[in-house]
Structure formats: C-alpha cells, structure tokens
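To keep things clear, I will list the structure first and then write my remarks on it.
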Amino acid sequence: MPTNNTPIQQSYPKRHLLAASGIAALLCLSLLVYPSREVEAKKTFINIELEEQTAEQVTQALTAEDSQLAVTASETDSAIIHSPQAQADSNPDAETHAFEYTKNLTVNKGDTLSVLFVKAGLDNAVLHKILATNKEAKRFTHLKIGQTLTFEFDEEQSLQALSSKISPLETIYLEKQAETNDFAFRKDVAATQTSEKYAQGTVEGALFSATKKSGLPYSLALDMANIFGYDIDFAQDLRTGDEFELVYEEKTVDGKTIGTGNILSARFTNRGKVYTAIRYTDKQGNTNYYDADGASLRKAFIRTPVDFARISSRFSNGRKHPILNKIRAHKGVDYAAPRGTPIKAAGDGRVTLAGRKGGYGNTVVIKHGQRYQTLYAHMQGFAKGVRAGSTVKQGQIIGYIGTTGLSTGPHLHYEFQVNGVHVDPLSQKLPTADPIHASEKQRFFQQSKPLLAKLDQHKATQLALNAQ
2 MPTNNTPIQQ
12 SYPKRHLLAA
22 SGIAALLCLS
32 LLVYPSREVE
42 AKKTFINIEL
52 EEQTAEQVTQ
62 ALTAEDSQLA
72 VTASETDSAI
82 IHSPQAQADS
92 NPDAETHAFE
102 YTKNLTVNKG
112 DTLSVLFVKA
122 GLDNAVLHKI
132 LATNKEAKRF
142 THLKIGQTLT
152 FEFDEEQSLQ
162 ALSSKISPLE
172 TIYLEKQAET
182 NDFAFRKDVA
192 ATQTSEKYAQ
202 GTVEGALFSA
212 TKKSGLPYSL
222 ALDMANIFGY
232 DIDFAQDLRT
242 GDEFELVYEE
252 KTVDGKTIGT
262 GNILSARFTN
272 RGKVYTAIRY
282 TDKQGNTNYY
292 DADGASLRKA
302 FIRTPVDFAR
312 ISSRFSNGRK
322 HPILNKIRAH
332 KGVDYAAPRG
342 TPIKAAGDGR
352 VTLAGRKGGY
362 GNTVVIKHGQ
372 RYQTLYAHMQ
382 GFAKGVRAGS
392 TVKQGQIIGY
402 IGTTGLSTGP
412 HLHYEFQVNG
422 VHVDPLSQKL
432 PTADPIHASE
442 KQRFFQQSKP
452 LLAKLDQHKA
462 TQLALNAQ
C-alpha cells in the first residue's frame, strides 16, 4: 500500500492511449497539408477526458474543427486572389494597362509649353526637337489660360500626337510621321454657316450701353462707330434718343453661334439727321461703305483718333496752360482716356517723327500728301513698326495714351495742320474719298436696294410689335 506522501499515478486503458495517439497524428497531418501558407496556423485544443468521451466522439470533434479550418482557409485564399496586389503579382502587365495613352492638360496661370510637357511625363528634349524641326509648331507656345492640350502616346509611351482647340473654329495638330519620326503640323478649320440678323436700339447714355442692351457684341458697336465716325463724333455728338438699326452677319457652327461678321447695312439717327451705310465690294475686290446714293462715307481723315474718349480741352488761341500757368495758344484738341488706350492714325500718310519732342513728350507726326499733317503727343509708347519713314493707313494703331512731356494726366494732344497752318480738327471740313465709279453704280444699286428694303421691313415689324 502506498503511503499518504506518495503520489498516486493515474493509469488509462491501452485502447484509450491508442485512440489518443491516432488523434494526435491526424492533427499533425492536417496542419502539414494546410491549403495556404498565408493562413496563420491556429492552435486546436481538444479536451481529452477519456473517462467521459469515447474515441468516436473525439474523432467527430476533430473532423468538425478541421472542416472549419478548411472553410477559413478557402475564404482567406479568395480574399488574397481578389486583392489588387495579388492581381498585380499574377498579372505582370497590369501596370502597363494603367498607363494613360491620352492625357488632357489644362493651361493654368504660369504654365508654359515646357511645363506642360513635364506634366505629361515627357522630357523637354522632345519639345526642343519638335520646335527645332517644325516652325509652325511654335503656335503651340501661344497658350491661354483655360486652353486644353491633348497628348497621345503609343504602347511604348512615346508621344505620337499633340492637339489643341485654339478657337471655336480652329484646332491645331502635331502628328508623328512613321517614315521620318518627325512631327508634321496641320490645322482644321470648322465649316461655318452665315446668316443675316437684324438689331436696333435707342441711345440713352453711352453707345456701348445701347448696343449691349440690343444684344450686340462690342466688336459690332466698334464697327458701327468706325463706319459713321467720319460724320458723327461719338465722343461728343451723341444725344439721348438717338437711334440705330443694322443688318449684320451672324456665324454659326452646328447651330451654335460663334461670332459675328460684317455689317451689311445700317442707319444711325443723330440729332434728327439720318445717316445710311451700305457695304459694297467693287469688281476689283475693294470694299467700302457708301450712302444710299453711292457717295463714299469714308473721308480722307477720321474725325477722332481715339475711340469714345472725352474731350478735355478744345482748340483755343487764348487758353491758360495748366503747367506753365500762362496764356498760351492751344493749337489742338485734348482727348482724355485711360493710360494705354490705342491711338489711331487719322489718315493715310508717312511718319516723319516717332520720338521725343520737348514738352510734347513721346510724339508721332504724320504727313498726309502735300497739304495735310497731323501730330499726336504725350504718348505712353509707340506701336510696333511705327518709326520715322514708315507708312501708315487710316485707322492703324500708332501708339498709346500716356502722360509724357508737359502733361497733368493721361491724354492725347492732337493737332491738325492744313498747308502748315493749325486748324480746329473738330470744325474742319474733311475731304471725302471718291464715290462709286460710274461703271459700278448699276451693280451697286442692285445690291443696295434689297439691303435697304430689309432695314425698312424690320423696322416696320418692330414698330408694329411695339404698338401692340
């Protein structure tokens, strides 16, 4: 008999030990053949109480646990297979398929063509080669904020084409030629449709306010002022209640309005006097505006060399000079306008001076034939190409308003001489251009009568609508 201090060793039947050994072997085998190395091995705890559980019950428990492990492994493998990294590992071409073969880049403030090439993933050596081999490619360097450039690549990520829509009508392209690997330039110009439109309005203040209210763009208002500018001084002659009406060209692409064309006919009523303009192109291709009788509206000189400027000082023989503070003849007219406002040549002629002239500051002097000469003073600067000896056309921009010389503020000092004598350009009767040649008159009337009839018809319709 064992004593009380001797531990009692528990013994099990031999068949129980054999069953336990078999279960342990099965467990080890299931771990060895586990379906994925990615699944973390789990410890399986089986409470072996052989006195209370039979070997068959233990085996059933082990089978259930092994089934659960198999389900977990299957779910884990499925997650791995469907993960992006797994797909990339199984598909070495996945990165190639993600490359953008077409890249659209929008020009932002400060962007240059060089910057956009870098954004597109291109070396600037490509850009320099393109610009060096194709002169027309430089059109792509004239970028505007909001403009879009489209880069197109091939499978080797090499640039194949570059394009950009620079206007509603025009798109430019650079395309790689397979034979030479050089880039060729081309442009596409959309086909436009032209139709005739009518507009009319009443002046209540400034001309631009009236034309804007009538739905006319700034460019047409400026054209109308230039057409009638020989007879009407739009800086001082406008009055409330003056009226205008015109038939003009409207240009569309696929039904969408993209701009306007020429004024075909127009009427302007100023201070009760009606002025009429008809656009006519003669057999030699020369285009001008004429009145209903065929007399040219064009004069040898325009009335004012600055559009819509305010007259700040008139021609006078006894004006007190604002800087010299003494009575001094003012042999011209001053037009006040913002600094940088364009100044136009009053007529065709040759520039005899484009430079500094004492108190006049930056000055341009133009000789018009033998009798006439005009002077433009206090300029901020001169237009490109305007220099002594150059020729200019009527309406051509020759400089910009400034405040150089003896000037208290930005304005143009304009002088007009006839046979060397200063005259008031506002009161001087200006010589007109030649009327339509007799051989052209019949053709002119054939074209002008329908245009005038359209003005009358539209006006009658408008009056009828207003009367309702």
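Heads up, the sequence shown is in this note's numbering, so the first residue is 2 and it goes up one at a time.
Idealized CB from N, CA, C, for every residue including glycine.
Taking only three categories from DSSP, how would you classify residue i?
{"i": "Lys300", "result": "strand"}
{"i": "Phe245", "result": "strand"}
{"i": "Leu466", "result": "helix"}
{"i": "Tyr361", "result": "helix"}
{"i": "Ser165", "result": "strand"}
{"i": "Leu208", "result": "helix"}
{"i": "Ser196", "result": "strand"}
{"i": "Arg340", "result": "coil"}
{"i": "Ala126", "result": "helix"}
{"i": "Asp457", "result": "helix"}
{"i": "Leu144", "result": "coil"}
{"i": "Ser449", "result": "helix"}
{"i": "Leu427", "result": "coil"}
{"i": "Leu413", "result": "strand"}
{"i": "Thr134", "result": "helix"}
{"i": "Gln443", "result": "helix"}
Report buried or exposed for residue i, applying the criterion of at least 16 other Cβ atoms within 10 angstroms of its Cβ.
{"i": "Ile146", "result": "exposed"}
{"i": "Ile82", "result": "Only weak support is given to the placement of Ile82: the predicted model assigns it a pLDDT of 40, under 50, and the question is left unresolved by the model."}
{"i": "Leu265", "result": "buried"}
{"i": "Pro451", "result": "exposed"}
{"i": "Gln178", "result": "exposed"}
{"i": "Gln285", "result": "exposed"}
{"i": "Arg304", "result": "buried"}
Given this structure, state the Cα-to-Cα distance separating residue i from residue j, to the nearest angstrom.
{"i": "Lys214", "j": "Ala191", "result": "30 Å"}
{"i": "Lys120", "j": "Asn109", "result": "12 Å"}
{"i": "Thr258", "j": "Gln148", "result": "20 Å"}
{"i": "Phe184", "j": "Gly400", "result": "40 Å"}
{"i": "Phe235", "j": "Thr375", "result": "20 Å"}
{"i": "Ala461", "j": "Pro426", "result": "39 Å"}
{"i": "Asp292", "j": "Ile279", "result": "6 Å"}
{"i": "His143", "j": "Ser391", "result": "28 Å"}
{"i": "Lys339", "j": "Gly206", "result": "As written in the sequence, residue 339 is Pro, which differs from the Lys given in the question. Whole-angstrom Cα-Cα distance: 19 Å."}
{"i": "Glu137", "j": "Leu175", "result": "9 Å"}
{"i": "Thr195", "j": "Tyr249", "result": "10 Å"}
{"i": "Asn263", "j": "Thr241", "result": "26 Å"}
{"i": "Asp238", "j": "Gly273", "result": "12 Å"}
{"i": "Ala162", "j": "Thr151", "result": "8 Å"}
{"i": "Lys104", "j": "Thr181", "result": "24 Å"}
{"i": "His331", "j": "Ala337", "result": "15 Å"}
{"i": "Asn227", "j": "Leu431", "result": "16 Å"}
Flag this pair as yes or no: are the beta carbons of residue i and residue j separated by less than 9 Å?
{"i": "Thr261", "j": "Glu246", "result": "no"}
{"i": "His379", "j": "Gly406", "result": "yes"}
{"i": "Gln381", "j": "Gly341", "result": "yes"}
{"i": "His369", "j": "Phe309", "result": "no"}
{"i": "Leu132", "j": "Leu117", "result": "no"}
{"i": "Tyr281", "j": "Phe229", "result": "no"}
Is there at least one Cβ from chain D nearer than 9 Å to residue i's Cβ?
{"i": "Phe417", "result": "Absent from the structure is chain D; it holds one protein chain and no more."}
Item to check | Runs of beta strand (DSSP E) wholly within the region 216-279 (minimum 3 residues, chain order) | outcome: Within the region 216-279, the runs of beta strand (DSSP E) that reach at least 3 residues and sit entirely inside it are, in chain order, 244-254 and 257-271.
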